[in-house]
Amino acid sequence: MQFPIELVESVIDASVAHHPTLSACSLVCKQWLPRCRHHLFSTLDLSADWTPEPNSVTNLLALLLTPHAAETLIPYVRSVVVAKRSWGMTPVARILTALARAGVRPRALLVNCPSYEPTHTPVFASSLTHLTLELHNDMRAAPLIEYICAFPRLEVLDVGGSARFAFDEGMLSAHYAGRMQLPARLHTLIVRNTVVVDWIVATALAPGGSKIGVTTLVVRHIRLPEQWEGVYRYLTTSACAGVIRSLTFQGCDFPLQPPTPLPLLPSLRTLTIECSTTSAGAHLSILLPHVPPHITPTSFLPALEVFTLRFTNAFLSAASPSSAVGDPRAWADVDKHFASLSPAPEFFPALERVCVSRVGLSASVGGGRRNSNAEVYGGRGREGGYSVHNRSGTGNVGEQEEEGRPLPKTVADILRKEMRECVRRGLLFV
Numbered sequence: 000m001q002f003p004i005e006l007v008e009s010v011i012d013a014s015v016a017h018h019p020t021l022s023a024c025s026l027v028c029k030q031w032l033p034r035c036r037h038h039l040f041s042t043l044d045l046s047a048d049w050t051p052e053p054n055s056v057t058n059l060l061a062l063l064l065t066p067h068a069a070e071t072l073i074p075y076v077r078s079v080v081v082a083k084r085s086w087g088m089t090p091v092a093r094i095l096t097a098l099a100r101a102g103v104r105p106r107a108l109l110v111n112c113p114s115y116e117p118t119h120t121p122v123f124a125s126s127l128t129h130l131t132l133e134l135h136n137d138m139r140a141a142p143l144i145e146y147i148c149a150f151p152r153l154e155v156l157d158v159g160g161s162a163r164f165a166f167d168e169g170m171l172s173a174h175y176a177g178r179m180q181l182p183a184r185l186h187t188l189i190v191r192n193t194v195v196v197d198w199i200v201a202t203a204l205a206p207g208g209s210k211i212g213v214t215t216l217v218v219r220h221i222r223l224p225e226q227w228e229g230v231y232r233y234l235t236t237s238a239c240a241g242v243i244r245s246l247t248f249q250g251c252d253f254p255l256q257p258p259t260p261l262p263l264l265p266s267l268r269t270l271t272i273e274c275s276t277t278s279a280g281a282h283l284s285i286l287l288p289h290v291p292p293h294i295t296p297t298s299f300l301p302a303l304e305v306f307t308l309r310f311t312n313a314f315l316s317a318a319s320p321s322s323a324v325g326d327p328r329a330w331a332d333v334d335k336h337f338a339s340l341s342p343a344p345e346f347f348p349a350l351e352r353v354c355v356s357r358v359g360l361s362a363s364v365g366g367g368r369r370n371s372n373a374e375v376y377g378g379r380g381r382e383g384g385y386s387v388h389n390r391s392g393t394g395n396v397g398e399q400e401e402e403g404r405p406l407p408k409t410v411a412d413i414l415r416k417e418m419r420e421c422v423r424r425g426l427l428f429v
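Position one of the sequence shown corresponds to residue 0 (numbering that gives the first Met the number 0), numbered consecutively onward.
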């Protein structure tokens, strides 16, 4: 039996989150079977629920060694998740070794177990491009760095958890820096502690150290002063800061007195701040105005094109995006800060778009899954606050009059008073 290929997209791909439907579709015809398996087995989740399960993982690992698994399951596995496995359960290292022995070659690996330390010979070194580690045992930093550097194809690295790391003096030597090279393809770094950025700074300053190619830096839940010192050291190291194109702060408690001013980031194109509505103005006033004295305002963040501000609390209870962005409490400090930039209309000379959204978090293994609503409009800094640009960034809408009335120039006024006009002009996307 043959069905039009369009049904694969409209039925199977649309059912990706509903496994019973995918299982039923796999029985329709042989043509549908591979696509169903692609979705059903793409993620191998071996997480526990904090209670021992003596047989399930053991049985699965035995199943993977059977001839049928090599045809029906193993080729489709693209990511492996191992979480909530504590002492008394099958060790994480044994699970990963067994998967590799069975022929599993995932592109992504997430490990979030209190009993796990990355001190063993890494598996999946030839295939892994995305690595997420939530570490909870205090340990030396050297084994972690050696573990990370063993993945030559690694592109995205996410390191978090409550673990504390001790640096050996030898790790800062030129010999160690030359021997431990960052994966050449690494372009995205997500940090919830600073062990990796501390080491990258050290190796960037050492003769023969790694060439830094990280273009996207995401800083999550950084709160302690010593952690901020590590972040600012990274941002003030020219070898690191000179290549950053995207910088994101998520759920961070910004220090009232930063260790150093926010440095010149000549290649930064996207800046995102995710915070509560009550702290948005404070975060902006701490991050943006701290320009080093030797840098003129016209050269601060010269390449910045998109600035995004995401709110994480008050907007969640709003009945609609329009009512959410109309909350005056969320905008008072933001307006005040934007107005303070008006004396320097070229403070962000390349800015084309300002995005505002609310963010909801739902539980998922290894971190929050984000849902964005109430997005976005464009803007360019100029005298009197903000004027609006259209989607392509051409044509100053703030200076165009329609029905004898120009659009307000401040960010909050545009959203609160001219919602319909923004929607009609294509400036607000929901």
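Note that the Cβ used here is the ideal one computed from N, Cα and C, for glycine as well. Here the structure is a predicted model, which means the values were calculated and not measured.
Taking all protein chains shown into account, Gly169 has fewer than 16 neighbouring C-beta atoms within 10 Å of its C-beta and is therefore exposed. C-alpha of Ala238 to C-alpha of Thr128: approximately 23 Å in a straight line.
Distances from the alpha-carbon of Tyr75 to those of Ala107, Val56, Thr89 put Ala107 closest.
Nearest Cα to Val305 within the set Ile272, Val91, Glu351: Glu351. Between the C-alpha atoms of Arg222 and Tyr231 there is a straight-line separation of about 13 Å. Between Val213 and Val190, the C-beta spacing is not below 8 Å. Across the structure, Thr20 and Arg36 are spaced so that their CA atoms are roughly 12 Å apart. Secondary structure at His38: helix, using DSSP grouped into helix, strand and coil. Around the beta-carbon of His67, fewer than 16 other beta-carbon atoms lie within 10 Å, marking it exposed. Taking the C-beta atoms as reference points, Arg139 is found no nearer than 8 Å to Ala162. In this structure, Pro113 places its C-beta atom within 8 Å of the C-beta atom of Ser85. By DSSP's assignment, Arg352 forms a beta bridge with Val305. Contact between Pro121 and Tyr146 holds: CB atoms are separated by about 6 Å, below the 8 Å threshold. Residue environment: Asn136 is assigned as exposed (fewer than 16 neighbouring CB atoms within 10 Å of its CB, all protein chains considered). For Thr20, the secondary structure class from DSSP, reduced to helix, strand or coil, is helix. Between the C-alpha atoms of Ala97 and Leu60 there is a straight-line separation of about 7 Å. Pairing Phe40 with Leu109, the inter-Cα distance amounts to about 16 Å. No Cβ-Cβ contact shorter than 8 Å links Val91 with Ser46. About 5 Å separates the CB atoms of Leu153 and Leu185; that is less than 8 Å, so the two are in contact.
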